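Basically my numbering = 1-based index in the sequence shown + 170.
Here a beta-carbon is modelled for each residue, glycine too, at the ideal position from N, C-alpha and C.
These numbers come from a predicted model, not from an experiment.
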Amino acid sequence: MSKSAVKFSASLLSAVEASVDALADSQAIAIGFTSTADGEKKVFDFPANSALVKKLEKLFEVDLRDELEFFSASGKTGELFEIPVASDQMQADRILLIGLGDATTSSLRQAGATLGRRGRGKATVISSICVAAHDQLKAFAISVQLGAYIWTQKTSATQELPQFLFATDKPSVIDDASVIASAISLTRDLIHTPSNIKNPLWMADEAQKVAIETGLEIRILAGKELAEFGGLLAVGNSSPKPGPRFVELSYHPRGMKKNIGALPHVVIVGKGITFDTGGVSLKRPYDIMMAMKSDMAGSAAALGAISALNHFQPQVHVTVLMMLAENALSGTSQRPSDVITQYGGKTVEILDTDAEGRLVLADGLAYADKNLNPDYMIDIATLTGAATLGLGRQHAAMYTRDEKLAKNLFEAGQRSGDRVWHMPLVDDYHEALESPIADLSHVTAKKSFSAGSITAALFLEQFVGDRTWVHLDIAGVARSESDSGENPKGGTGYGVRLLIEWLTTL
Numbered sequence: 171m172s173k174s175a176v177k178f179s180a181s182l183l184s185a186v187e188a189s190v191d192a193l194a195d196s197q198a199i200a201i202g203f204t205s206t207a208d209g210e211k212k213v214f215d216f217p218a219n220s221a222l223v224k225k226l227e228k229l230f231e232v233d234l235r236d237e238l239e240f241f242s243a244s245g246k247t248g249e250l251f252e253i254p255v256a257s258d259q260m261q262a263d264r265i266l267l268i269g270l271g272d273a274t275t276s277s278l279r280q281a282g283a284t285l286g287r288r289g290r291g292k293a294t295v296i297s298s299i300c301v302a303a304h305d306q307l308k309a310f311a312i313s314v315q316l317g318a319y320i321w322t323q324k325t326s327a328t329q330e331l332p333q334f335l336f337a338t339d340k341p342s343v344i345d346d347a348s349v350i351a352s353a354i355s356l357t358r359d360l361i362h363t364p365s366n367i368k369n370p371l372w373m374a375d376e377a378q379k380v381a382i383e384t385g386l387e388i389r390i391l392a393g394k395e396l397a398e399f400g401g402l403l404a405v406g407n408s409s410p411k412p413g414p415r416f417v418e419l420s421y422h423p424r425g426m427k428k429n430i431g432a433l434p435h436v437v438i439v440g441k442g443i444t445f446d447t448g449g450v451s452l453k454r455p456y457d458i459m460m461a462m463k464s465d466m467a468g469s470a471a472a473l474g475a476i477s478a479l480n481h482f483q484p485q486v487h488v489t490v491l492m493m494l495a496e497n498a499l500s501g502t503s504q505r506p507s508d509v510i511t512q513y514g515g516k517t518v519e520i521l522d523t524d525a526e527g528r529l530v531l532a533d534g535l536a537y538a539d540k541n542l543n544p545d546y547m548i549d550i551a552t553l554t555g556a557a558t559l560g561l562g563r564q565h566a567a568m569y570t571r572d573e574k575l576a577k578n579l580f581e582a583g584q585r586s587g588d589r590v591w592h593m594p595l596v597d598d599y600h601e602a603l604e605s606p607i608a609d610l611s612h613v614t615a616k617k618s619f620s621a622g623s624i625t626a627a628l629f630l631e632q633f634v635g636d637r638t639w640v641h642l643d644i645a646g647v648a649r650s651e652s653d654s655g656e657n658p659k660g661g662t663g664y665g666v667r668l669l670i671e672w673l674t675t676l
């Protein structure tokens, strides 16, 4: 990454005591409010800490309810009013009144993003008295940092980092929120980095840095070491300098290395296509390629999630496999009609070089099945446009035959905000993967099948053996088309919250 790029994976969040003195150095104080109807009159409340709010009103000689009535506030989520204030005892020159809507966790996330955006790109300190309940405070604080996130390589202006202070009686809540938010921001940084910088070698180097910083074990394979990884080589050899990389990271709880076999073992395989031209099956129209620097979002999310685990110390063994390659158009690109041999020996007929993600994932899944003895296998990938067409940009497509696992991941998605929807693995569609010359084709040649996301999942299932497996197609949720709410335009960091939530409750 160039020196001019701002990395937002540093924490912007801190906890302070819920007292006037602790807020004295803030430049602004954010206070959350709700609104209920009493006949024709609106009744405003400050649910986080009404006693502290009263002290601030007295200190600043202001009646905040009168101010809300003056602005005809509705209390809807994310509504924001700025009230000028002054006191010799405080640095703050304004109070930010933020609507909390119905104060559900979802509403609080939206309100948190609004507060974060207020501080985006500014060297300011904002204190928050918005949320009290610990679970909701964690969700709110994460969204504050996500709303404040920005990534730029502009040299015309310096982008500053805001700091947000949260008045709470449980600082560990903000510590947890900070770790998760920083992991998501790291994931976004990786996604937004342009592909003239971000190649497979660069991604492997970034993973190495994360491993050193967070105490993870790491192994990187390249060149001749990848001889058995036929899918990764078929895709990655289209860009032979630097060529593909296989990255294996491992987490285990402190003191458990000798007894690691007693822990449940989760393997997460992430698609890491650092740029996707489509290869010989070139993407059309060409402007579709503009978003393809984000085609490694699955690997980035897996790396972001495992980077947080030493903080939370879940009693589980986690291995992340990052399958890193560039799908370029060159003289060494694979061709439609090629037959490749995936890790483990299955042969695959290539019909469309723009369906490359499943080839690198298949190698990772087969490697995990043969060598790692996992209790659970998860793959996460920006895999198909069909998933976006079917579910839009609010839910990832989840495929698994294990109903308990599906239920647990669905609930983890609801709690974390990274939502998933259980999709069917339709056995009747296996015919779509038949090939006259190889064990499988990786896409369907028969026009009677149009369920592209389902057939992609069925292809991946051929490489998991008898393992408990789930496929997450995050094509619709890994990228945002607009700069709004928690998300900038571009990479969202989807999957980090989901994986951390699930792994810490497994």
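- Ranked by how close their Cα comes to the Cα of Thr517, the residues Leu610, Ala470, Glu656 and Ala303 have Leu610 in first place.
- In this structure, the straight-line span from the alpha carbon of Leu331 to that of Ala318 is close to 9 angstroms.
- Within the same chain, and ignoring the five residues on either side of Leu182 in sequence, the residues whose Cβ sits closer than 7 angstroms to its Cβ are Gln315, Ala318, Leu331, Pro332, Gln333 and Phe334.
- Looking at the DSSP output, Asn657 sits in a beta bridge with Ser654.
- If you draw a straight line from the Cα of Gly583 to the Cα of Lys411, it comes to about 39 angstroms.
- Secondary structure at Asp549: strand, using DSSP grouped into helix, strand and coil.
- Per DSSP, the beta bridge partners of Lys441 are Met493.
- Between the region 438 to 449 and the region 514 to 529 there are three or more C-beta pairs closer than 8 angstroms, enough to call the two in contact.
- Rounded to whole angstroms, the gap between the alpha carbons of Ser652 and Lys428 is 48 angstroms.
- For Gly269, the enclosing beta strand (DSSP E) begins and ends at Arg264 to Gly269.
- By the Cβ criterion, the region 639 to 649 is in contact with the region 568 to 577, since at least three pairs of Cβ atoms, one from each stretch, lie closer than 8 angstroms.
- For Val190, DSSP assigns no beta-bridge partner whatsoever.
- Taking Val405 as reference, the option from Ala470, Ser500, Ile299 and Met373 with the minimal CA-CA separation is Ser500.
- Separation of Gly562 and Ala648 (C-alpha to C-alpha, rounded to the nearest whole angstrom) is 11 angstroms.
- Following the DSSP letters along the chain, one finds Thr357 inside the alpha helix (DSSP H) bounded by residues Pro341 to His362.
- For Thr502, the number of other beta carbons within 10 angstroms of its own is below 16, and it is reported as exposed.
- A buried status is given to Thr247, since no fewer than 16 other beta-carbon atoms sit within 10 Å of its beta-carbon.
- Straight through space, the alpha carbons of Glu601 and Ala397 are spaced by roughly 30 angstroms.
- Looking at the DSSP output, Met593 bridges to Tyr569.
- Linking Leu250 to Thr444 through their CA atoms gives a straight-line distance of about 39 angstroms.
- With fewer than three CB-CB distances shorter than 8 angstroms, the region 366 to 382 does not count as touching the region 214 to 234.
- Annotation: the continuous alpha helix (DSSP H) that includes Arg287 extends over Thr275 to Gly289.
- In the structure shown, the three-state DSSP call for Ser464 is helix.
- Non-local C-beta neighbours of Leu402 in its own chain, meaning closer than 7 angstroms and more than five positions away in sequence, comprise Leu396, Pro414, Phe416, Met493, Ala495, Val530 and Asp533, ordered along the chain.
- In this structure Ala475 is in contact with Ile670, their Cβ atoms being roughly 5 angstroms apart against a cut-off of 8 angstroms.
- From the listed residues Ile320, Tyr546 and Gly635, the smallest Cα separation to Arg358 is found for Ile320.
- The region 431 to 444 and the region 342 to 352 do not touch, with fewer than 3 CB-CB distances between them shorter than 8 angstroms.
- Only buried fits Ala243, as 16 or more other CB atoms lie within 10 angstroms of its CB.
- DSSP places His612 outside both helix and strand once states are collapsed to three, so it counts as coil.
- Rounded to whole angstroms, the Cβ separation of Thr511 and Ser420 is 27 angstroms, and the two are not in contact under 8 angstroms.
- Cβ neighbours of Gly291 within its own chain (closer than 7 angstroms, five residues either side excluded): Ile320, Gln329 and Glu330.
- Counting only the Cα atoms, Ser348 lies some 15 angstroms from Ser297.
- When DSSP states are grouped into helix, strand and coil, Gly635 belongs to the coil group.
- Contact holds between the region 265 to 275 and the region 193 to 204, because three or more Cβ pairs, one in each stretch, are under 8 angstroms apart.
- Inclusion of Asp598 and Ser623 in the CB contact set at 7 angstroms is not warranted, their separation being larger than that value.
- Using a 10 angstroms sphere on the CB of Ala293, the tally of other CB atoms stays under 16, which defines it as exposed.
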